[in-house]
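Protein chains in written order, with numbering that gives the first Met the number 0: chain A, 0 to 392; chain B, 0 to 225.
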Amino acid sequence: MDNSATTRMLSEVVEAMQPHFTEKYGNPSSLHYMGIEAERAVDESRAKLAECINAEPYEIIFTGSATEANNLAIVGACHAGRKKIITSEIEHSSVGKVIRNMERRGFETVFIGVDEEGFVDLKELEKKVDGNTALVSIIHANHEIGTIQNLEAIGKMCKEKEVLFHSDASQSFTKVPIDVKKFGVDLLTLNSHKIHGPKGVGALYVRKEVKLEKQVHGGMQERNWRAGTENVAGMVGFAKAAEIGVREMKRNVAKMQKLRNALVEGLLRIENAQLNGPESDDKRLCNIANITFNYVEGEALLMRLSEQGICVSTGSACSSKSLQPSHVLKALGLKHEQAHGSLRFSLSKFNSSEEVNYVIKMVEKEVAELRKLSAYAPGKKAGYYEEREQAFE
Amino acid sequence: MRRGSRHLNSDDVMALKYTKKVMDHFLHPRNMGELKDADVEATDGSPACGDMMTIGLKIDPKTHKILDVKFKSYGCASNIATASVITEMVKGRTLEEAKKIKWNAAAEELDGLPPVKMHCSVLAAKTLMDAIRKYEKMHGLLEGGEEELSAENIRLELRNIINPEMGIDIVRLKMVKGISVKKGVVKIRISMGNTDRVYEDSIREEIEEHVKAMRGVKRVEVGFST
């Protein structure tokens, strides 16, 4: 139930990769037959992946991860003199933190807020885009709540204003049809390990007219845009997973949607539980359900579910390194204590309705137990500190 | 997702960065619930911070022995575990003995906590101390009066603020560079040194929570430098 973190690799993918670890281990840069064999595998993978998003093969740059693709898109695109970057408040950290870091290089940054369903305020966005704007970067489908942004509208606006547009499609790929021409994006990030492909590989679509500044220097690989000997097996696996994912999209989406809706329905029967993010199927990813269980802290619930063999994630501060609750849930307007009690369930095509029923039963049980021992309960005063504060006023 | 209960062995639990004892107290909390005939009860922390604890004590009026203790807790696994273990540590002890339990004692009893979770141990010790102080006040057991607000007292209070990266308090780490008190307004200067700046917000919130609760404090301002 944590497939937004990563997914199980398909056996077809493992099989396709296998020969590139053993007999076909050539370096694509070599001139001999083994090099040519490896180069061909890379080229075929690039073409397959391009086809999945209606791009040309030479518009795909393979990277070491989606995080690296996001870094390349943002840092690479911001070199031509314009000094402003615009993004949303609900980006993945591999976009949000990179853009924050650009402030130190003298860039002005704008973080656009979202409504309570997680949709970017398009009017606000349009107002902020000006002649000094180097890049707009907006996540396609959010990784915590699943909100799918209207990329077409943003793409059109950016084109009119002649501003580069990047989107991180790590979560949406193979779950929402992606057409880079229709969306009007200049740069788009794709992820492999979230679509049943291998880890250690990602990709960036770069529209052919766009010029990026190289970030990893060395050899002339990836059309001289990213140095480093190609991860041939990874690229082959990624392309295979993408090909299968896009081919089976309709069927898988229908299955995950049905399971997710059953899960949400079951979990919302628990008292004091609420769904975070949009409700209707066309506004959110088919596989994500983010739910707050009030009066329970998320990490404790996560750990108890883990003991029952159930893997989920939480937006609680207790589980984050910085001890701050999820910035995405805060952007939706949730109170800290609501964010602390949130769990994200994310499904894949491998989940079954038996599993969904088991999860509902276990969450119900563990929430009840934790609430029984909770010092925080409905109607209860917020704490001794506040009592004392009032007493001394 | 995998079916079946308790498939994790002890090595996996270690991989989750919690010791066996933490997991044991978290999954099977001792002395959990509300103490119906408690002589005193104290609550510390807040839901907004994500950790909150209530401890109730039943005390022998003659010997000042803690006859019974119960806790309730809202928080992560280590929050529940530290509350549970501290109730075990004080049961049957006198108030004087219980007062000697310092913030790191609960963590030590659990065979350690990850640095980022040390503040849970602080909360447990503080909630216990608050309950004892409240009882002492109610029964006229306090020696001397309430202390005046001073930079020295604030520094003592700051010993309860843990640097989440190191798991050590900020006074010991020499991160407190200045404290000033003027008409109830407390200004504190913190040097982050080599500590990751992502912890600034959490350290600020912790300081505000602790210092604001001190008698006579109207406002707290925390400034950071590297």
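Using N, Cα and C, we set each Cβ at its ideal position, and we do this for glycine too.
Query raised in the report: Between the C-alpha atoms of A97/B and K116/B, what's the straight-line distance to the nearest angstrom?
Result: 22 Å
Query raised in the report: List, in order along the chain, the chain B residues whose C-beta lies closer than 9 Å to that of M302/A?
Result: L15, Y17, M22, F25, L26, C75 and A76
Report task. Kindly say whether A124/B, judged by its beta-carbon, lies nearer than 9 Å to any beta-carbon of chain A. Result -> no
Query raised in the report: Which word fits M8/A, buried or exposed, when buried means at least 16 other C-beta atoms lie within 10 angstroms of its C-beta?
Result: buried
Query raised in the report: What are the residues of the segment 305-324 of chain A that lie near chain B, defined by any Cβ-Cβ distance shorter than 8 Å?
Result: S305, E306, Q307, G308, I309, C310, S315, A316, C317, S318, K320, S321, L322, Q323 and P324
Query raised in the report: What span of residues does the alpha helix (DSSP H) with I290/A cover, start to end?
Result: Per DSSP, I290/A belongs to no alpha helix (DSSP H); it is in the beta strand (DSSP E), I287 to F292.
Requested in this report: Work out the CA separation of S3/A and L284/A for me, nearest whole Å.
Outcome: 11 Å
**Report entry** CB-CB length for A72/A against A133/A, believed under 8 Å
**Finding:** No, A72/A and A133/A are not in contact; Cβ-Cβ is about 11 Å, not under 8 Å.
**Report entry** T6/A to Q170/A span [Cα, whole Å]
**Finding:** 11 Å
Query - Residues, ordered as in the chain, of the segment 52-85 of chain A that lie near chain B by beta-carbon distance below 7 Å - result: none
Query raised in the report: So, S120/B versus A130/B, is the Cβ gap smaller than 9 Å?
Result: no
Requested in this report: Determine, using beta carbons only, whether A106/B comes closer than 9 Å to chain A.
Outcome: no
Query raised in the report: Can you find a C-beta in chain B that's less than 9 Å from the C-beta of H165/A?
Result: no
**Report entry** Closer than 9 Å to chain A by CB, G32/B
**Finding:** yes
Report task. State the Cα-Cα distance for the pair K334/A and S224/B, rounded to the nearest angstrom. Result -> 29 Å
Query raised in the report: For E386/A, which of helix, strand or coil comes out of DSSP?
Result: A caution first: E386/A carries a pLDDT of 45, below 50, which makes its placement in the model unreliable, though a value can still be read off. Correct three-state label for E386/A: helix.
Report task. Show which residues of chain B have a CB atom less than 9 Å away from the CB atom of E88/A. Result -> The contacting residues do not exist; E88/A stays about 16 Å from chain B at best.
Query raised in the report: Do you know offhand how far V13/A's Cα is from E22/A's?
Result: 15 Å
Query raised in the report: Is it the case that the CB of S3/A approaches a heavy atom of the ligand FAD more closely than 8 Å?
Result: Summarising the ligand content, the structure contains no ligands, and the ligand FAD is consequently not present.
Query raised in the report: Going by the beta-carbon positions, is the gap between V327/A and H139/A smaller than 9 Å?
Result: no
Report task. Starting from D200/B, find everything on chain A with Cβ-Cβ shorter than 9 Å and list it in chain order. Result -> S321, L322 and Q323
Query raised in the report: Just the Cα atoms here: how many angstroms apart are V109/A and I89/A?
Result: 12 Å
Query - Three-way DSSP call (helix, strand, coil) for I35/A in this model - result: helix
Query raised in the report: For V197/B and chain A, any beta-carbon pair shorter than 9 Å?
Result: yes
Query raised in the report: Does DSSP classify V97/A as helix, strand or coil?
Result: helix
Query - Within chain B, the residues that H397/A reaches when beta carbons sit closer than 8 Å - result: Because residue 397/A is not part of the residues shown, which for chain A are 0 to 392, the question remains open.
Requested in this report: Please name the residue in T173/A, V179/A, V245/A and S325/A whose C-alpha comes closest to that of E55/A.
Outcome: V179/A
Query raised in the report: In this structure, what does DSSP give as the bridge partners for V219/B?
Result: V185/B
**Report entry** Cα-Cα separation, F61/A to G183/B
**Finding:** 59 Å
Query raised in the report: Out of L140/B, L26/B, M22/B and D67/B, which has the shortest C-alpha to C-alpha gap to I58/B?
Result: D67/B
Query raised in the report: Nearest chain A C-beta to F70/B closer than 9 Å, yes or no?
Result: yes
Query raised in the report: How about A226/A and V209/A: are their beta carbons less than 9 Å apart?
Result: no
**Report entry** Residues of the segment 97-118 of chain A with Cβ closer than 8 Å to any Cβ of chain B, in chain order
**Finding:** none
Query raised in the report: Are the Cβ atoms of V358/A and V295/A separated by less than 9 Å?
Result: no
**Report entry** Of the residues V175/A, G145/A and L163/A, the one placed nearest G183/A, counting alpha carbons only
**Finding:** L163/A
Requested in this report: Quick one: using the 10 Å Cβ neighbour count with 16 as the cut-off for buried, is M137/B buried or exposed?
Outcome: exposed
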